[in-house]
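Colleague:
Residue numbers (this note's numbering): 304 to 475.
#1: Taking only runs of the alpha helix (DSSP H) that begin and end inside the segment 355-427, which ones reach a length of at least 4 residues, in chain order?
#2: Among 469, 391, 466 and 409, which one has its Cα closest to the Cα of residue 448?
#3: What is the rounded straight-line gap between the Cα of residue 411 and the Cα of residue 435?
#4: For the beta strand (DSSP E) containing residue 469, name the first residue and the last one.
#5: Tell me residue 458's beta-bridge partners as DSSP assigns them.
#6: Starting from the Cα of residue 413, find the closest Cα among 339, 368 and 382 and give me that residue.
#7: How about residue 355 and residue 346: are their beta carbons less than 8 Å apart?
#8: Work out the CA separation of residue 377 and residue 363 for me, nearest whole Å.
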């Protein structure tokens, strides 16, 4: 029983002996970006190249230190899952992992499985999402992007959507 429980708490084959990554610095600035129109997600994570589409982008002028990103919003899922990636200067921030058998680091939200949630398959559920990421950045101007994609069977006109998506950044 203890072995099975231990296996359940290690996400997607992560090494339990790996060293944790930390970052800290004083916060002097806060920036935020959103698009009130929302986003239609037409890129398929498993099949398209590139496998992520741009959703939000902003630039910051930061001092050397830790950049913390908070991403939140609502996602309407039309094929099993939607993924997001937040990156700074083209590099994925800490707090993301690839889905099994893929190399692109992301976070994801999926349709709940099980008989109690079978109706969700018919109504394209909208779920609240909220994620936190961080990265150490040198002094200077940096571009922060949010990208997204969906499952492999999305088809027009029933594309997934991300609405009320807000990226909040804390930095030195």
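Glycine included, C-beta positions come from ideal geometry on N, C-alpha and C.
All values derive from a computational prediction rather than experimental measurement.
Modeller: The short version:
#1: 423-426
#2: One-based indexing of the chain shown puts residue 448 at position 145. If we check each option's Cα against that of residue 448, 391 comes out closest.
#3: By one-based count along the chain shown, residue 411 stands at place 108. By one-based count along the chain shown, residue 435 stands at place 132. Using only the alpha carbons, I get a separation of about 13 Å.
#4: Residue numbering aside, residue 469 sits at position 166 when the chain shown is read from its first letter. Note, residue 469: beta strand (DSSP E), 464-474.
#5: Here the question's residue 458 lines up with position 155 in the chain shown. BP columns for residue 458 are empty, so no partner.
#6: Reading the chain shown from its first residue, position 110 is the one you call residue 413. Closest option to residue 413, Cα to Cα, is 382.
#7: Here the question's residue 355 lines up with position 52 in the chain shown. Here the question's residue 346 lines up with position 43 in the chain shown. Contact: yes.
#8: As a position in the chain shown, residue 363 is number 60, starting the count at 1. As a position in the chain shown, residue 377 is number 74, starting the count at 1. Cα-Cα distance, rounded: 25 Å.
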